[in-house]
Amino acid sequence: MKNSKSAMQKCGKIKNESLSEEKAINKHRALDSMAALSGGIAHDYNNILTAIIGNITLARRYLNQGDKAFRLLDQALQASEAARKLTQKLITFSRGGAPRKVVTAVDRLVINSVDFTLSGSNIKSRYHFAPDLWRVAVDQSQIGQAIHNIVMNAREAMPQGGHIDVAVTNITAPAGIDSLENGDYVKISITDQGHGIPKAEFGKIFDPYYSTKDLGEQKGTGLGLSICHSIIKKHGGGVSLESQIDAGTTFNIYLPATRSKPAGKTVPLEKACNEPIYGVGKILVMDDDRGIRELAGEILEHLGYQVDFAGDGAEAVAAYQAALQSSDPFDAVILDLTVRGGMGGKEAIQELMTLDPGVKGIVSSGYSEDPGLTDFEKHGFRGVVAKPYTLEELGEKLSGVLKG
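Heads up, the sequence shown is in our numbering, so the first residue is 1 and it goes up one at a time.
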């Protein structure tokens, strides 16, 4: 009887483990499916936002700041910018492209991200940095966003104010943390003084559109922690959670360490928009969306350029060749990365480079993490402008490429 009971218990244990593994696999597949869907939706949505944001920024140039219409357009632009940020969150969650990594000192990146997120709040930060911290090879913008999302979650859990403790240490081969491989990591721990998260919720905390926030003023999109998890996994790292009710929550980020020296400066979370830069020259715009072609034409003509158009890569190559042969060449080309049913920007720039090795090409896409954008120089482009773009952003990018 004892042997029979033991065998039954063993079978029950194996069955439970099998069910848990199957549940984890199904959850992973569901997340991958949602990620792919999110990326596709975000790409199309960015094309729509390009027309909205571009036309708003163009229309404001024909009004005085004191006009009521200007104020209304300004409010519409602010709403559109919020939509752009949400779309970027969907793109980041979709795991659409590899991070653009540079060797980075963690302390400065952490301070910039945390201070930015807590600015204007009644919450103070307390930092604890271990001596001789290892470097990490990361996409500074993405990791800054991940830290921002966690700190924002903590900020919203502390409406009465308080302190957030941030500790950064070196750690070797942590066992059992979010499927990490053995090796050296830099650990970033962010601890709040909020109400805590019930253990029953731990398994769902990184699911998309799951939120611990109540409806009302603190209502969120439910994407912040999902995006954080996606970013860190793309970097070969992991993230874990510790929490007790009425005792606060700690999120631990693990990033693979490197012994290389830092390269470059830490990038800011957001970039201020400049006044438009005017210019002269002949520009070719290739996009399969007629509305975006017309918008780009209006913007560029307003900035002082002469503009011609093409609906796909083949048309762009033919137009560029004809301009060369007529001794009236284009000064730059702006190419849509992907064209439905036709030649896209990557193929077109290769053909243009055979016609003119000095061609100044700018690639544009509604999918800002596509490898064609993140590695634009490798494909022969001189610059990149992600959709949606404003009049000011397009003018700044074009001016920089023409001067380069």
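The C-beta atom is built at its ideal place from N, Cα and C for all residues, glycine as well.
All of these numbers come straight from a predicted model, not from anything done at the bench.
Span separating the alpha-carbon of residue i from that of residue j
i	j	result
V359	N64	38 Å
L402	I283	10 Å
E294	I227	34 Å
H163	K124	5 Å
V110	V103	14 Å
I52	Y45	11 Å
A319	K346	17 Å
P388	S121	30 Å
A137	G66	48 Å
I349	A316	9 Å
P99	A257	16 Å
E270	E392	Confidence at E270 is low in this model, with a pLDDT of 47, below 50, so its placement is unreliable and no value can be given for it.
S326	R259	55 Å
A332	I277	16 Å
T390	I56	8 Å
Closest residue to residue i among the options (Cα-Cα distance)
i	options	result
D115	V280, L133, V151	V151
D289	D165, G311, V333, P276	G311
N252	E81, L355, E201, K187	K187
L365	E351, P357, Q350, R340	According to the sequence shown, residue 365 is Ser rather than Leu. That would be R340, whose Cα lies nearest to the Cα of S365.
Q430	G194, F129, V166	The requested residue 430 does not occur in the structure, where the chain is confined to residues 1 to 404.
I48	R155, A83, D165	A83
F309	D328, S327, I334	I334
D107	S121, K85, S326, N170	N170
T191	N182, K233, L241, I231	L241
D281	A105, T87, F330, G313	Residue identity check: residue 281 is Gly in the sequence provided, not Asp. Minimum Cα distance to G281 is reached at F330.
K378	H235, Y62, T390, M353	M353
E351	A332, S326, G380	G380
A246	L86, P198, W134	Reading off the sequence shown, one finds Asp at residue 246, where the question assumed Ala. Comparing Cα-Cα distances from D246 to each of L86, P198, W134, the minimum goes to P198.
Q142	A332, H235, S189	H235
T50	K68, I232, S80	S80
A314	E275, A386, V285, G342	G342
T249	D132, M158, G297	M158
G196	S243, N182, R135, S189	S243
Local conformation of residue i per DSSP, three classes
i	result
F309	strand
T250	strand
E275	coil
V136	strand
D44	helix
Q65	coil
S406	Only positions 1 to 404 of the chain appear in the structure, and residue 406 is not among them; the question remains open.
S326	coil
L303	coil
I227	helix
H195	coil
D288	coil
F206	coil
G345	helix
P268	A caution first: P268 carries a pLDDT of 49, below 50, which makes its placement in the model unreliable, though a value can still be read off. It is coil, neither helix nor strand.
G358	coil
D115	helix
D375	coil
G404	coil
L77	helix
For residue i, the residue or residues it bridges with in DSSP
i	result
V384	V363
H128	A167
Y185	I171, P256
G238	Y254
A332	I283
G162	I123
I190	V166, F251
V103	A137
Q350	For Q350, which the question treats as bridged, DSSP gives no partner whatsoever.
Q244	G248
Beta-carbon contacts of residue i that lie in its chain and below 8 Å, excluding the five residues immediately before and after
i	result
G279	L303, G304, Y305, G395, L398, S399, L402
E301	V307
L324	L355, D356
R411	Within the shown structure, residues of the chain are numbered from 1 to 404, placing residue 411 beyond reach of any answer.
S119	none
Sequence-distant residues of the same chain with beta carbon closer than 6 Å to residue i, five excluded per side
i	result
H229	F206, V239
T117	H148, V151, M152
S113	G144, I147, H148
D287	R293, D336
Y127	V166
A296	V285
Within-8 Å CB hit, residue i to chain B
i	result
F330	Among the chains in the structure shown there is no chain B, since it carries only a single protein chain.
Same chain only: Cβ atoms within 7 Å of residue i, ignoring 5 sequence neighbours per side
i	result
T338	G344, S365
Q321	L355
A130	V168, T169, N170
T172	D184
R382	K360, G361, I362, V401, G404
K101	A137, V138, D139
L225	N149, N153, I205, F206
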